[in-house]
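**Student:** Numbering (the numbering used here) for the sequence shown: 11 to 373.
Cβ atoms here follow ideal geometry from the backbone N, Cα and C, with glycine treated the same way.
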Amino acid sequence: MLRKNPDICQDFLFMSKILVTGGCGYIGTHTLVDLIENGYEVISIDNFSRSNPSMLAGVEKIIGKKIKNYAVDLCNFDDSHAVFQENTDIKGVIHFAAYKAVNESVENPLLYFENNLFSLINLLKCVDEFAIPYFVFSSSCTVYGNPDSFPVTEKSPQKPSTSPYGTTKQMGEQLIAELAQTSLCKFILLRYFNPVGAHPSALIGELPIGRPQNLFPAITQTAIGKLSKMTVHGNDYPTRDGSCIRDYIHVCDIAHAHTLSINYLEKEKNKSNCEVFNLGTGNGVTVLEAIQTFEKINGIKLEYEIGPKRPGDVIAIFASNDLAKAQLGWNLNYSLTDMVSSAWKWEQKLQSDKDIFSGNSNN
Ligand code: WQD
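#1: Quickly, what does DSSP pair proline 96 with across the bridge? List them, please.
#2: In this structure, does DSSP put isoleucine 18 in helix, strand or coil?
#3: May I have a chain-ordered list of the alpha helix (DSSP H) segments no shorter than 4 residues that lie completely inside the stretch 185-240?
#4: If you check the beta carbons only, do valine 153 and glycine 322 fall under 9 Å apart?
#5: Following a CB-centred definition, is aspartate 251 positioned closer than 8 Å to any heavy atom of ligand 1?
#6: Is lysine 239 closer than 9 Å to glutamate 357 when the C-beta atoms are compared?
#7: Whether or not the stretch 59-68 and the stretch 199-217 are in contact is what I'm after, with contact meaning three or more pairs of Cβ atoms, one per stretch, closer than 8 Å; do they touch?
#8: With 16 other CB atoms within 10 Å as the buried threshold, where does aspartate 251 fall?
#9: What is the rounded straight-line gap between the Cα of phenylalanine 255 and the Cα of methionine 181?
#10: Taking 6 Å as the limit between beta carbons, can you name the residues of its chain near asparagine 245, skipping five residues before and five after?
#11: What separation, rounded to the nearest whole angstrom, lies between the Cα atoms of threonine 163 and lysine 169?
#12: For histidine 243, verify whether its CB is less than 8 Å away from any heavy atom of ligand 1.
#13: Comparing the CB of asparagine 224 with every heavy atom of ligand 1, is any distance shorter than 8 Å?
#14: Does DSSP put cysteine 34 in a helix, a strand or coil?
#15: Around the Cβ of glutamate 47, are there at least 16 other Cβ atoms within 10 angstroms (buried) or fewer (exposed)?
#16: Looking at C-alpha atoms only, which residue of Leu275, Thr41, Ala265 and Gln231 is the closest neighbour of glutamate 313?
#17: Taking C-beta to C-beta, are valine 295 and glycine 207 nearer than 9 Å?
#18: Would you say the beta carbon of alanine 228 comes nearer than 8 Å to a heavy atom of ligand 1?
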């Protein structure tokens, strides 16, 4: 499904080469597709520590051509530097490559500090040396902690993070903001709320590690029978039905915001050298409402039990996306119905093609 955005200026971008780190991961693959559909040339860096080469094959099936991936660990400066030396025509970098499992980060904080921060610093050193003009950073709504008021705007205070993972995102943003004051590179920080769903083709989607931590893969794996039942982590929160509220957003809408961000910088529409945008729908949905929507749209009764609250969970969070809409020209193309139906279609595809997708995961 080719989805060219007529608002994307064709002057600058024809064959502009964009380096996508973590390009074989969940959001990375969807962003590769969107960039190519909108006229960009792409290369990827992904060492498959949290992703699966089969996902790149899915991207190639959708766009009908091969993608160059460098299986490089960004924590190795020399190997990362070599990629830039071989591709001196890189016009922009979109940086996804990081570990992002909240509970894993609590169990192993140093693994997260080392991987997420060393890789970012190495990448920024290359961006500086090779004078790359544009850099888009994958950040997260976790930087807000437990917000006091809603919807959350880009100016909402950043509370102490609830996990080492969130701390690496807060520190990453601070590093970049500091660098932007003197760098010739222009930066955009994108704060994702809860990315869910899969590309309409069901050729790419989310491949969680082992037992899924995130809600949507837990729902779809329970529905398909990989899990006998799932647990709703708490139903006595101060919310309309007692379960936590999140801003679920389709991964394809998240992906397109990255293409728009690069184009926004190419057209020099940025107001400063480091701008922040929330990527959420603006709608808060409870865990139980997400389950009910999945059941209704897919005609499936889900087996779940109510369990204890999960440490580190924020009670409620949802975004104001006014700034991304106004500045980037970003519009939502996918509904909650699209999210639950595409997630289910992807889970069914995984089941039917399980030999292809076995093995490692993309995180
Ligand atoms: C959502 C709600 C759970 C599983 C994480 C990352 C965040 C971002 C999005 C990257 C919570 C409940 C879940 C289950 C449940 N990632 N739940 N049963 O924790 O909001 O955010 O993903 O940017 O950085 O922290 O997402 O999907 O894990 O949880 O009841 O089996 O679903 O308790 O209330 P979360 P999640």
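**Tutor:** For this structure:
#1: Taking the sequence shown and counting its residues from 1, one reaches residue 96 at position 86. The identity of residue 96 in the sequence shown is glutamate, whereas the question assumes proline. Paired residues: none, contrary to the question.
#2: Position 8 of the sequence shown, counted from the first residue, corresponds to residue 18. Coil at isoleucine 18, not helix or strand.
#3: 225-234
#4: Position 143 of the sequence shown, counted from the first residue, corresponds to residue 153. Position 312 of the sequence shown, counted from the first residue, corresponds to residue 322. Their beta carbons are not under 9 Å apart, which means valine 153 does not touch glycine 322 by this criterion.
#5: Position 241 of the sequence shown, counted from the start, is the residue given in the question as residue 251. Result no, Cβ not under 8 Å from ligand 1.
#6: The count along the sequence shown starts at 1 and reaches residue 357 at position 347. The count along the sequence shown starts at 1 and reaches residue 239 at position 229. Cβ atoms of glutamate 357 and lysine 239: not closer than 9 Å.
#7: yes
#8: Indexing the sequence shown from 1 puts residue 251 at position 241. That one is exposed.
#9: Taking the first residue of the sequence shown as 1, we reach residue 255 at position 245. Taking the first residue of the sequence shown as 1, we reach residue 181 at position 171. Looking at the sequence provided, one finds isoleucine at residue 255 rather than phenylalanine. Straight-line Cα distance between these residues: approximately 26 Å.
#10: Locating residue 245 in the sequence shown gives position 235, counting from the first residue. So the list reads Gly252, Ser253 and Ile316, once near-sequence residues are dropped.
#11: Walking along the sequence shown from the start, residue 163 turns up at place 153. Walking along the sequence shown from the start, residue 169 turns up at place 159. Looking at the two C-alpha atoms, the distance is approximately 13 Å.
#12: Stepping through the sequence shown from its first residue, residue 243 is reached at position 233. Yes.
#13: The residue you call residue 224 lines up with position 214 of the sequence shown. Yes, the beta carbon of asparagine 224 sits closer than 8 Å to at least one heavy atom of ligand 1.
#14: For the purposes of this step, residue 34 is identified with residue 24 of the sequence shown, where counting begins at 1. If DSSP states are grouped into helix, strand and coil, cysteine 34 belongs with coil.
#15: Here residue 47 refers to the residue found at position 37 when the sequence shown is read from its first residue. Glutamate 47 is buried by the Cβ-count criterion.
#16: Position 303 of the sequence shown, counting from 1, holds the residue named residue 313. If we check each option's Cα against that of glutamate 313, Gln231 comes out closest.
#17: Within the sequence shown, the letter at position 285 stands for residue 295. Within the sequence shown, the letter at position 197 stands for residue 207. No, Cβ-Cβ distance for valine 295 and glycine 207 is not below 9 Å.
#18: Within the sequence shown, residue 228 is the residue found at index 218, counting from 1. True, at least one ligand heavy atom lies under 8 Å from that Cβ.
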